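In the working numbering, the protein residues as written are 15 to 319.
Cβ atoms here follow ideal geometry from the backbone N, Cα and C, with glycine treated the same way.
Please read these numbers as outputs of a predicted model, since none were measured by experiment.
Shown next, in the form of C-alpha cells:
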C-alpha cells in the first residue's frame, strides 16, 4: 500500500525530472549551436567581456579617469599607463574602462526607446489594418526617407549637445525599422489557423494580439535588436565625434576618438585604443546577431548564412 506522501511526491518528482531534462536539452542545443558557429561564441565572449569590464570598472581601472596630471600629459603606453595618457594627463586605459559603461547604457536605452515606439505602432498597423495601417505606415515612410544618421544629427542639433540629447535623437530616428518589422510579422501571423480559432471562440482583439500574435514576433525582434546594437554604438560615437554627443569630461569612446584625432600621427594611442574598443563591441554584437538569426530561424539553420 503506497503512502499519501509517496503518491503526492510522484508528480512533483516527475515534473522536476522533466524540467531537468529540458534544461539539459537546452544546454546541449546551445553547445551544438556554438560548435557549428564558433564566431557566435566569439561575439558572445566579446560582449560579456565588455559587460564585465563595465560592472567591475572601479576594480579594473588603474587610475581615476577624471584626474588631471599635467606633468604626465601625452605619455606613451607603459607599465604605469597601459594605454598612455591624453593631453590633460588622464589615463587612457582607465577612461576606456569607464567608457564601456556609457556605450552599453547608450545601446540599451536607444533600443529600448526604438522598440517601445516602433513595436506598438507596427502591431497596431498590422493587426487593425485599413486607414490605421495607411496613416502609420506613411508616417514611417517619412522617417525612412531620410538617412538615419542625418536625421539623428538634425534632431540632436535641435535638442542641443550632450549624451542624453544624442540618445533621444538616435532612439527617435531608430523606431521606424521596428514598426516595419513588427507589422510584417503581425500580417503573416494573424492569418494562422490558431488565431482564427481564438477569434471564433470569442477572444478579444487585445487578447489575440497579446497572447497569440506578439509572442510569435519576438524572435525576429530580438535578432534585429542585437544586430542594431552595434550600429547604435557607432552612431552615437559618430555624433560625439562631431561634437553633438558626449561633452567634456565624458569618457564616451567616440568623444575620446575625437579628442585624439588631431594627434593621430604623433600620439597615436590617444584615439587608437578607443577606436579599437568601438570596433570590438560592434563586431561582438554583429556576430551574436548573426548567430541568433541562424539559431532562431529554422530556414537558416545549418546554411551558414
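> What's the C-alpha gap between residue 233 and residue 253?
Replying inline: Each residue's Cα considered, the two are about 30 Å apart.
> Buried or exposed: residue 274, going by 16 or more other Cβ atoms within 10 Å of its Cβ?
Replying inline: By the C-beta density criterion, residue 274 is buried, having at least 16 other C-beta atoms within 10 angstroms.
>> Going by DSSP in three states, residue 99 sits in which element: helix, strand or coil?
In response: Here residue 99 sits in strand by DSSP.
> In chain order, what residues of the same chain lie with their CB nearer than 8 Å to the CB of residue 61, ignoring the 5 residues before and after it?
Replying inline: Excluding residues within five positions, the ones whose Cβ falls inside 8 Å are 295, 298, 299, 302.
> Alpha carbon to alpha carbon, how far is residue 308 from residue 64?
Replying inline: Cα to Cα, the separation comes out at about 23 Å.
> Can you tell me whether DSSP reads residue 78 as helix, strand or coil?
Replying inline: Secondary structure at residue 78: coil, using DSSP grouped into helix, strand and coil.
> Which ranges does the alpha helix (DSSP H) cover as unbroken runs of at least 4 residues, wholly within the segment 257-302, from first to last along the chain?
Replying inline: Counting whole runs of 4 or more residues, the segment 257-302 contains the alpha helix (DSSP H) stretches 267-274.
> When you compare only the Cα positions, how much space is there between residue 173 and residue 130?
Replying inline: When rounded, the distance between both Cα atoms is 20 Å.
> According to DSSP, which residues form a beta bridge with residue 105?
Replying inline: Looking at the DSSP output, residue 105 shares a beta bridge with 99.
> Any chance the segment 179-186 sits against the segment 164-171, with 3 or more Cβ pairs inside 8 Å?
Replying inline: With the cut-off at 8 Å, the segment 179-186 and the segment 164-171 touch.
>> By the three-class DSSP mapping on this structure, what secondary structure does residue 50 have?
In response: In the three-state DSSP reduction, residue 50 falls in the helix class (H, G or I).
>> Count Cβ pairs between the segment 93-113 and the segment 251-267 that sit closer than 8 Å; are there 3 or more?
In response: The segment 93-113 is in contact with the segment 251-267.
> DSSP state of residue 110, grouped into three classes?
Replying inline: Helix, per DSSP.
> Whose C-beta lies closer than 6 Å to the C-beta of residue 316 among residues of the same chain, with five residues either side of it excluded?
Replying inline: Confidence at residue 316 is low in this model, with a pLDDT of 47, below 50, so the placement of that residue is unreliable and no value is reported for it.
>> Closest to residue 136 by C-alpha separation, out of 226, 195, 103, would be which residue?
In response: The alpha carbon of residue 136 has as its nearest neighbour, out of 226, 195, 103, the alpha carbon of 195.
> Do the segment 97-104 and the segment 77-88 touch if we need at least three Cβ pairs shorter than 8 Å?
Replying inline: In the pairwise beta carbon analysis, the segment 97-104 is classified as touching the segment 77-88: at least three pairs are separated by under 8 Å.
> Which of helix, strand or coil does DSSP assign to residue 215?
Replying inline: Residue 215: coil per DSSP, three-state reduction.
> Sorted by chain position, which residues of the same chain lie with C-beta nearer than 6 Å to residue 114's C-beta, five sequence neighbours on each side aside?
Replying inline: Result list for residue 114: 64, 67, 68, in chain order.
> With distances taken between CB atoms, is the gap from residue 271 to residue 289 smaller than 8 Å?
Replying inline: The answer is yes: Cβ separation under 8 Å.
> What number of angstroms, rounded off, separates the C-alpha of residue 176 from the C-alpha of residue 212?
Replying inline: When rounded, the distance between both Cα atoms is 49 Å.
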